[in-house]
Structures are given as C-alpha cells and as structure tokens.
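Chemist: Residue numbers (the working numbering): 3 to 131.
Got a structure for you, written out below as structure tokens; questions coming shortly.
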Amino acid sequence: MPEGRVVSFDSVHGYGFVSRPSGEDAFMHANDILCDRHLITPGVPVQFEETESERGLRAFNVRPLPQEPSAGTAGTTSAAADRRVTSAELLQEFTDAIIFCAPSVTAAQIARLRERLLRVARGHGWVPD
Numbered sequence: 003m004p005e006g007r008v009v010s011f012d013s014v015h016g017y018g019f020v021s022r023p024s025g026e027d028a029f030m031h032a033n034d035i036l037c038d039r040h041l042i043t044p045g046v047p048v049q050f051e052e053t054e055s056e057r058g059l060r061a062f063n064v065r066p067l068p069q070e071p072s073a074g075t076a077g078t079t080s081a082a083a084d085r086r087v088t089s090a091e092l093l094q095e096f097t098d099a100i101i102f103c104a105p106s107v108t109a110a111q112i113a114r115l116r117e118r119l120l121r122v123a124r125g126h127g128w129v130p131d
C-alpha cells in the first residue's frame, strides 16, 4: 500500500488530497477515510490504496500511520508527564474537547459523557479516586 502525507482536508466539504510517493497528489473523499476524520489533518502520515478515476487519481481506505515517539522524548519522563491531573481538571478538559468537537451537543449529553469518561479514567488509574 502506498504511503504519503495529508496535503489538505476540508471537513466541511468532505474532501482533500494526499501526497503520493511519485510526488503527484491524489484526491481523497471523507467516505474513504477509515478513522475519525478529525485525525486527518495536513502533515499526518497516511497509508492508502489508490485507483484511477475519470477525474484523476483517487485515494481510498485512507488510514493514519502509527507515529513513532521523537528521539528526543523516547524513554524520558518529565515532571509534567508524571503529574496526574485531578478529576476536576480532567472533567474540564473533557468538556472543552466535547464542545470543540461537537458544538451542538446538549448539556445533558455532556454530563453523561463526562461521567462515563471519568469512570474509565479512574478505572485505568489516570486520576485519583
């Protein structure tokens, strides 16, 4: 499967382009992305299949490639990375992320999501009980 990078992606219109090994870009439609579309941003390395269409090259079965940790951070820890956030801090992060990703979500939906996400975080030991 070819690998390349996302050149552009317009989530409103549902299309973008990926670079190909040959240097030519291929069209990509939102329906051909095999992950959360928010992960498809310019510069993200992706793997895809391609086909020739009447309009040119088209990428499909697009998925992001796993990214390796950078050499400067591999195997190191920092005080910030070691610090566990409080439940209140995590709930605020959840709320901000939910509203950013889904601005039409209701307060009741946010409350249910926050409750469930906090339960998961506590189960993993990410926040104190």
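We treat Cβ as the ideally placed atom computed from N, Cα and C, and that holds for glycine.
By Cβ distance, which residues of its chain are closer than 7 Å to Ala109, with the 5 residues on each side in sequence left out?
Modeler: Contacts found: none.
Chemist: If we ignore side chains and look at the alpha-carbon of each, how far apart do Val48 and Leu59 end up?
Modeler: Computed Cα separation, rounded: 16 Å.
Chemist: Helix, strand or coil for Ser89, going by three-state DSSP, please let me know.
Modeler: Looking at Ser89 - three-state DSSP - the assignment turns out to be helix.
Chemist: For Ile101, count the other beta carbons within 10 Å of its own beta carbon; 16 or more makes it buried, fewer makes it exposed. Which is it?
Modeler: Exposed is the call here.
Chemist: Here's the rule I'm using: 16 or more other beta-carbon atoms within 10 Å means buried, otherwise exposed. How should Ser106 be labelled?
Modeler: Its Cβ having fewer than 16 others within 10 Å, Ser106 is exposed.
Chemist: Which of helix, strand or coil does DSSP assign to Asp98?
Modeler: It is helical.
Chemist: Just to check my reading of the structure: Arg7 and Ser21 have Cβ atoms closer than 8 Å, yes? What is that Cβ distance to the nearest angstrom?
Modeler: That belief holds up - the Cβ atoms of Arg7 and Ser21 are roughly 5 Å apart, short of 8 Å.
Chemist: Counting along the chain, where does the beta strand (DSSP E) carrying Ala28 start and finish?
Modeler: First-last of the beta strand (DSSP E) with Ala28: Asp27 to His31.
Chemist: Can you check whether the CB of Tyr17 is closer than 9 Å to the CB of Ala32?
Modeler: Yes, these two residues count as a Cβ contact at 9 Å.
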